[in-house]
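These notes concern the structure reproduced below.
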Amino acid sequence: DIQMTQSPSSLSASVGDRVIITCRASQNIARHLNWFQQKTGKAPKLLIYDASTLQSGVSSRFSGSGSGTDFTLTISSLQPDDFATYYCQQSFSGRTFGPGTKVDIK
Amino acid sequence: EVQLLESGGGLKQPGGSLRLSCAASGFIFRNFAMNWVRQAPGQGLEWVATVAAGGGGSTYYADSVKGRFTISRDNSNNTLYLQMNTLRVEDTAVYYCAKDRLVQSVMDSWGQGTLVTVSS
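Residue numbers (the working numbering), protein chains in the order written: chain X, 35 to 140; chain S, 521 to 640.
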């Protein structure tokens, strides 16, 4: 089974900060990597799929990169609406989520 | 607009059974693979099961539920199901249904979730 890890597990940041979250797969998953945002008590929301393709309607301040085993999600300028938990998820073999990265207010 | 509405959650004793439903609208249901994903209280997301598009003959399960849960679909009623048998305390979670993108294993639309509590 493919295992996913994320770092950091949590971070504190200010509005306007550039935020980078990393995700690592236990084996090569090519570009079959998706990113979700989840706010407390709400369903997850797809942000990016296939490592770097922005989902329709998602702000361009979100971007993704990487391939193989190492991936990043970047928020170029953190906005108040962005405080949430972010999950990576592989879809190369089965579907596995990372443990999440909680982004809160500094 | 895609809408997914889960129902059927509740309180069950260990060893019991429960069937979750997800009513879909706003898209051609039979053309899309569908999924169940769960989230235990205060924990992360866990994929549970997937049923392929079309007749639903192909199904896939997480090891944690294999042999106990069954995913199915009724394309005539645009409804996704999850039959949950031999429930365990660790099955306690919010269960979400999620639609895949067309011919891609990417969950692009989610329901609001239904809470399943397994406790004696």
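Here a beta-carbon is modelled for each residue, glycine too, at the ideal position from N, C-alpha and C. It should be emphasised that the depicted structure is a prediction, and the values quoted were computed from it without experimental measurement.
query                                                                                                                                                                 : result
For the beta strand (DSSP E) that X:ILE139 lies in, which residues bound it at each end?                                                                              : 135 to 139
Taking the straight line between their C-alpha atoms, what separation do you get for S:MET604 and S:GLU526?                                                           : 14 Å
Under a three-way DSSP split, which group does S:ASP611 fall into?                                                                                                    : helix
Leaving out five residues before and five after X:LEU50 in sequence, what residues of the same chain have Cβ atoms less than 7 Å from its Cβ?                         : A small correction: the amino acid at residue 50 of chain X is Gly; Leu does not occupy that position in the sequence shown. Counting only Cβ-Cβ distances below 7 Å, and skipping sequence neighbours, we find SER111, LEU112.
Return the residues of the segment 562 to 591 of chain S that lie within a Cβ-Cβ distance of less than 8 Å from chain X, sorted by chain order.                       : GLY564, LEU565, GLU566, TRP567, THR570, TYR580, ALA582, ASP583
Compare the C-alpha of X:SER34 against each of X:GLY134, X:ASP138, X:LEU88, X:LYS140 and name the closest.                                                            : Because chain X in this structure spans residues 35 to 140, residue 34 of chain X falls outside the shown range and cannot be described.
Is there a Cβ of chain S sitting closer than 8 Å to that of X:ALA77, yes or no?                                                                                       : yes
Please list, in chain order, all residues of the same chain as X:GLY100 whose beta carbon is under 6 Å from its beta carbon, the five residues on each side excluded. : ALA85, THR106
Taking X:GLN124 as the reference, give the member of X:VAL53, X:ILE54, X:ILE63, X:ARG52 with the closest Cα.                                                          : X:ILE63
S:MET554 versus chain X: which residues are under 8 Å apart at the beta carbon?                                                                                       : In chain order: nothing, as chain X lies at least about 13 Å away.
Locate the beta strand (DSSP E) running through X:SER41, then write down its first and last residues.                                                                 : 38 to 41
Does any C-beta atom of chain S lie closer than 8 Å to the C-beta of X:PHE96?                                                                                         : no
X:ARG95 to X:ALA77, Cα distance in whole Å?                                                                                                                           : 21 Å
Are the C-beta atoms of X:GLN37 and some chain S residue less than 8 Å apart?                                                                                         : no
Just by C-beta distance, which residues in the segment 80 to 93 of chain X are closer than 8 Å to chain S?                                                            : LEU80, TYR83, ASP84, GLN89
Determine the direct distance from the alpha carbon of X:GLN71 to that of S:TRP630, and round the result to whole angstroms.                                          : 12 Å
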